Every structure is written in C-alpha cells, then in structure tokens.
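The opening residue of the sequence shown carries number 7 in the working numbering; numbering runs sequentially from there.
A quick write-up on the structure given underneath.
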Amino acid sequence: MSKQKIVETSVDAGEKRKIILLFSGLMVTMLLASLNQTVLSSALPTMVGELNGVEHMAWAITAFILASTIMMPVYGKLGDLLGRKPMLLFAISIFLVGSVIGALAPDMGTLIVARVIQGLGGGGLMILSQATIADVVPARERGKYMGIMGGVFAFSSVAGPLIGGGLTEGPGWRWTFWMNVPLALLAIVATVFLLHIPKVVHTTRPKIDYLGMMLIAVATTALVLVGTWGGSQYSWNSPEIIGLAIIAVVTGVLFVFVESRATEPVMPLMLFKNRNFNLTTLAGLLTGIAMFGAIGYMPTYMQMATGYSATQAGLLMIPMMACMLVTSVIIGRRVSNTGRYKVAPIVGSAILGVALALLATIHADSPIYLICVYLGIMGIGLGASMQILTLVAQNSFPLKFVGTATAGQNYFRQVGATLGSAVVGAMFASRLKSLIADKLPTGSGAGDGNSFTPHIVNSLPEPFKSLIIESYNEALIPMFLWMVPLAVLAAIVLCFVKEVPLATKINREAPVALAPEMAEFEADVIENDLQDSKSLHDAGTQDELETAASRSRQ
C-alpha cells in the first residue's frame with residue numbers, strides 16, 4: 007500500500023464544460039461495453055449458421071462475459087496504480103482489436119477468440135469509465151453523472167438486441183462488430199484530448215500482484231462455468247461441475263491467502279473491513295440475481311405466450327428500460343442536490359420486490375399491457391438503486407482506492423448476475439420439460455420441449471397450443487415470487503448503510519512510502535474520519551464539516 011498526501015481541489019466553472027465533453031466520451035465507452043453484452047443475442051442464429059458452429063453458440067456470449075468479469079478487478083487495481091488514462095486507452099484498443107477480428111472471422115473458433123479479446127478490453131471500459139468520473143467530479147456532484155450512466159445500461163439492455171437484429175437483417179451480422187470501430191476511435195480521441203488527470207507518481211516501482219490476478223482469473227472462470235454449464239450442458243452432480251466447484255473453492259481460498267500478504271493486492275482485503283462497501287456489494291449482488299433472473303427470460307416468455315416476434319418482444323421491454331433510465335437520472339440529480347442517498351436504494355429494492363411479486367401473478371391470458379406495466383415498475387426500482395450503490399462504495403474510500411472499490415463491487419454483481427441467470431435458466435428448462443411431458447399425451451405428435459420455437463407453438467392446433475403456453479407460464483412465472491425475498495433482503499441490508507456526507511471536493515493524492523503492515527491502520531483511520539464527519543454533518547454547518555475533515559487528515 008502507499009500513504010498519500012491529500013490536496014483538496016474543487017471543480018471550477020471553467021472545468022465544467024470539459025467535464026461534460028469528457029463525460030460524453032465516457033458514455034460512448036460504456037455504451038461499447040454494455041451493448042456488446044446483448045447485441046449478438048438476436049444475431050446468433052444467423053451468425054452460427056453461416057460459420058457452421060451451432061454447437062458452440064453459447065460461447066459467443068459466455069466468452070465475452072467471462073473475460074470481462076475476470077478483468078474487472080485487474081483494471082480497477084491497475085487504474086489506481088498506473089493511472090486511469092493509460093489503462094482506459096489500453097482497454098479501448100484491445101476492444102477495438104477484438105471487434106475487427108470478430109468482423110473478419112472466417113469460422114466459429116476465431117469468432118470466440120474475438121469475443122474473448124473484446125471481453126479483455128470490455129471489463130476495463132465499464133470499470134474505468136465509472137472510476138474516471140470520480141477522478142474529475144466530487145462525490146456530491148457525481149450522483150447526476152452516475153444516474154445517466156445507469157441509463158446507459160438500461161438503454162443497452164433493450165437497444166442491443168434491436169440493433170443486432172436490424173443489422174443482421176440489413177447489411178449483415180458482421181456489422182455488429184464493425185459498428186464498434188468508429189465508436190472506439192471516438193472514445194480514444196475523447197480520452198486523449200479531454201481526460202486530464204495528474205499522473206500517478208510513485209517513490210518506488212509499484213509491485214503488480216500477478217499471482218493474485220492469476221488466482222482470481224481461475225476462480226472466476228470455474229465459478230462462471232459452474233453457473234453456465236450446470237443443469238444445461240452437464241447435470242449439477244456431474245464430475246465436471248463438481249470438479250469446477252472444487253477448483254473455484256480451492257483457488258478462492260488461495261486467493262484470500264495471497265491477498266493478505268501481497269504488497270499491492272489486486273483486491274485488498276481492507277475493502278471488506280468497510281461496512282458500506284460490504285453492504286452495498288451484497289445488495290448489488292442480490293439485485294443482480296433478481297434483475298437478470300427476471301428480464302433474461304421475459305422476452306422468451308412473451309414470444310411463446312403471445313406469439314410476438316423476437317423484435318416485437320424486445321420492443322415490449324422498452325417500458326422497463328424507459329422507467330429505469332428516467333428514474334436513474336432523477337434520483338442521481340436529487341442525490342447531487344441534497345447530498346442524501348440512503349433512502350433511494352432502500353425504496354428501489356422494495357419496489358423491485360413489489361414488481362417481482364406482480365410479475366408472479368401473470369397468467370397465460372394476461373393482457374400484454376399489464377406485463378409492460380409490471381416491467382415498468384421493475385425499471386423504477388432498478389433505476390433508484392443500481393448506480394447509487396456504486397456511488398456509496400466510491401464515497402467510502404479515498405481517491406486512490408476508488409478504482410479498486412468500483413471494480414470489486416461490479417465484479418461481485420456480475421458474478422452474482424451470471425450465476426443467478428444460469429440457475430434460473432436451468433430451473434426454467436427443467437420445469438418446462440417436466441410440465442410438457444405431464445400435460446401432453448403420449449403420441450400427440452406435438453414434439454417435446456427441446457424442439458419448440460414460437461413459430462411451431464403458434465402453428466399447433468388447440469388444445470396442444472394452450473397446453474404448451476400454460477406449461478411455459480407455470481415453469482417461469484412462479485420463480486418470480488421466489489426472487490422476492492432477494493429484493494426484500496437487499497432492502498433490509500441497505501437499512502444498515504451509514505450515510506456518510508458526500509465529498510464536495512476532489513482529493514488529489516501524492517504518494518508517500520508506507521509499510522504494508524500499516525494498511526489495516528490506514529483503513530481504520532479512514533473509517534473513523536468518515537464517522538466523525540457524519541456526526542459533524544448532523545450537528546453543524548458545512549463549513550464546520552470541511553474544517554473538521556481537514557483537521558482529521560492532518
């Protein structure tokens with residue numbers, strides 16, 4: 007670790023225009039990463055057909071998610087050590103290379119390699135964009151920016167499949183990769199000319215935690231593969247899944263051991279001594295499981311139950327996206343104006359629970375507008391909580407740990423979302439197959455659950471069509487009710503968050519040597535400073551708060 011002398015600087019009016027331009031560039035950067043998690047979903051059937059790789063279809067999505075998840079903590083730590091700007095340029099460049107390889111891919115193997123390379127850059131695009139805002143915008147002003155960033159994820163969750171489908175039906179699926187080239191070049195230009203942050207200067211050469219990076223990569227890979235393959239490609243009690251689970255546990259334990267002794271750990275254990283970081287990380291993980299477990303399968307349900315096309319089913323998700331975007335922006339501005347942030351994610355988690363409970367009441371003959379209303383309520387809940395959790399985690403640490411804290415929280419949220427989505431998918435498929443086998447009479451000629459497509463279901467005669475739609479409803483909809491406790495638990499957990507005053511200035515830090523054994527002491531000092539600031543905030547004026555905070559740092 008390194009001790010750093012803190013110099014407070016505020017954002018003057020002349021810098022605000024530059025910040026807005028920089029933020030626009032960062033939005034493009036985040037859009038690159040978030041779109042590429044979803045843009046191939048509607049292009050996959052055509053893509054794998056042309057490349058003759060149907061058996062490897064899932065890896066076109068899994069490869070990107072896996073690589074980006076592994077790289078999140080790595081980019082977070084290296085950004086703190088080496089500076090955000092060079093790491094952001096590196097991440098964009100790697101992503102650009104992967105996009106070009108994907109656009110030119112002659113076979114499925116090359117395409118999967120391209121997606122891995124994209125993911126190696128994509129993990130940095132998401133983390134470094136959020137951390138870079140912390141470098142130029144004080145926490146008190148950061149709420150409105152984080153709110154807009156939340157809107158980017160909401161937009162991409164719906165726009166990705168629509169753009170992918172439109173490009174596939176138009177110029178061809180390769181343009182889902184070519185479209186990244188101008189966006190990446192624009193992001194590079196914005197980073198080079200608009201991102202001006204004092205360089206990180208070290209009295210000694212920083213020690214990179216290569217062993218920690220390797221262990222977290224192996225543990226994450228094993229864990230994600232357990233969630234991706236378990237219950238689908240392999241049964242949960244198969245040797246492959248059990249072996250992967252053992253690898254995940256063993257490497258996870260070794261990772262904790264190595265991090266406790268590393269000079270500059272990729273994920274410092276001191277993060278987990280901070281109350282707000284632990285609570286917001288747990289809440290984010292629970293919210294991610296509920297969010298991806300629900301919205302990941304709603305388009306499929308709507309296609310099967312209503313007969314809508316894939317594009318139309320994607321459009322029906324717009325109410326959720328729009329409500330999430332608007333709520334995220336409004337809450338972000340409110341946090342910046344008032345400095346209060348604790349209530350919003352608690353209420354948002356509660357609203358998410360209500361939305362899941364409402365979705366659990368859907369029947370096969372429920373009007374489609376009612377489903378859209380329920381999805382809109384879910385969007386309100388997610389918009390009020392997701393990005394505020396990241397802001398709270400960032401505000402819990404000084405600037406030199408912001409990248410690491412941001413990466414740590416996003417890492418656990420991503421792993422939780424992947425596992426949650428995989429488990430829900432496996433349970434959905436198992437229940438569906440069992441229900442169809444029970445409902446359809448033997449020798450009916452209607453086929454089995456593995457062969458059904460929306461077109462086939464809609465062309466079946468009654469009563470087979472109704473029986474299959476009912477099976478889809480009974481297989482998926484009750485699971486929404488099972489996810490309500492996750493949202494309720496997230497709301498309860500967030501009630502214990504300490505509302506530390508948001509910083510009104512940016513702390514520029516100059517490194518000074520500090521022995522590794524002082525890291526724990528430094529974490530305790532930070533926590534005590536924050537608690538003292540909270541007490542002063544409740545008792546006195548803003549001037550008293552700033553004076554006392556300055557005194558405590560000295």
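In this text, a Cβ means the ideal position worked out from N, Cα and C, and glycines have one as well.
These numbers were taken from a predicted model, which means no experiment stands behind them.
Short Cβ contact (9 Å threshold) for residue i with residue j
| i | j | result |
| --- | --- | --- |
| A423 | F298 | yes |
| S472 | G233 | no |
| V230 | L87 | no |
| V45 | I133 | no |
| A140 | Q400 | yes |
| L37 | V142 | no |
| G129 | L117 | no |
| A361 | L381 | yes |
| I368 | T312 | no |
| L126 | M77 | yes |
| S162 | L41 | yes |
| T52 | W179 | yes |
| N243 | A370 | no |
| G414 | L217 | no |
| G359 | A493 | yes |
| L70 | Q124 | Here residue 70 turns out to be Phe, not Leu, going by the sequence shown. Cβ atoms of F70 and Q124: closer than 9 Å. |
| M155 | M33 | yes |
CA-to-CA distance, residue j to residue i, given in whole angstroms
| i | j | result |
| --- | --- | --- |
| T396 | I442 | 43 Å |
| A3 | F418 | Residue 3 lies beyond the range of the chain shown here (7 to 560); nothing can be said about it. |
| M308 | G55 | 25 Å |
| T286 | Q420 | 14 Å |
| F6 | T269 | Residue 6 falls outside the range modelled here, since the chain spans only 7 to 560, and no answer is possible. |
| G85 | V224 | 22 Å |
| M93 | T35 | 13 Å |
| V106 | L482 | 38 Å |
| A228 | R23 | 45 Å |
| I352 | T306 | 30 Å |
| L275 | F263 | 10 Å |
| R437 | F96 | 45 Å |
| I377 | L365 | 7 Å |
| D215 | V80 | 9 Å |
| R90 | A497 | 33 Å |
| A529 | S315 | Any reading at A529 needs caution, since the residue's pLDDT is 44, under 50, leaving its predicted position unreliable; the model's value is listed next. Their Cα atoms are separated by approximately 54 Å. |
| V335 | K406 | 27 Å |
| S355 | D113 | 44 Å |
| A509 | G171 | 44 Å |
| Q318 | I301 | 15 Å |
| H202 | N186 | 25 Å |
| G295 | L288 | Note on residue identity: the sequence assigns Ile, not Gly, to residue 295. Cα to Cα, I295 sits roughly 11 Å from L288. |
| V122 | A435 | 27 Å |
| I222 | T410 | 14 Å |
Among the options, the one whose alpha carbon lies nearest that of residue i
| i | options | result |
| --- | --- | --- |
| G290 | M132, H369, W235 and V398 | V398 |
| L192 | S244, A413, Q393 and G31 | G31 |
| N416 | P491, I100, Q136 and L88 | Q136 |
| K445 | M433, V429 and P469 | P469 |
| V490 | F159, G387, I475 and K83 | G387 |
| F502 | Y347, R281 and F101 | R281 |
| G345 | C329, G354, I394 and Y303 | I394 |
| P271 | I253, K213 and M304 | K213 |
| I324 | G157, R90 and A49 | G157 |
| P188 | V103, G176, F159 and I123 | V103 |
| K348 | Y303, V499 and V256 | V499 |
| V256 | T226, M304, N186 and R267 | T226 |
| N58 | P404, M304, G115 and L131 | G115 |
| E476 | S440, L495 and P507 | S440 |
| W184 | F101, S241, V259 and I247 | F101 |
| T75 | I474, L425, L495 and P507 | L425 |
| M310 | W65, I474, G258 and A66 | I474 |
Expected contact under 8 Å - CB spacing of residue i and residue j to nearest Å
| i | j | result |
| --- | --- | --- |
| M392 | V164 | In fact, because the Cβ distance is near 15 Å, the residues do not count as touching under 8 Å. |
| I194 | I98 | 5 Å |
| E505 | S342 | That pair is no contact at about 15 Å. |
| V430 | M384 | Going by Cβ atoms, the distance from V430 to M384 rounds to 15 Å, so no, they are not a contact pair. |
| L487 | A390 | Contact flag wrong, Cβ pair sits at about 22 Å. |
| T333 | G82 | Their Cβ separation, rounded to whole angstroms, is 27 Å, which puts T333 and G82 out of contact at 8 Å. |
| T174 | A49 | 4 Å |
| G237 | A432 | 3 Å |
| G149 | R267 | Between R267 and G149 the Cβ distance is about 37 Å, and since that is not below 8 Å, they are no contact. |
| Q43 | G153 | Not a contact, Cβ separation roughly 20 Å. |
Chain C within 9 Å of residue i, Cβ atoms only
| i | result |
| --- | --- |
| A268 | The displayed structure is made up of one protein chain only, and chain C is not part of it. |
* Which whole runs of the alpha helix (DSSP H) in the stretch 361-415 are 4 residues long or more, in chain order? -> Whole alpha helix (DSSP H) segments, 4+ residues: 374-389 and 392-401.
* Ignoring anything shorter than 4 residues or poking outside the stretch 228-296, list the alpha helix (DSSP H) runs there in chain order. => 245-265
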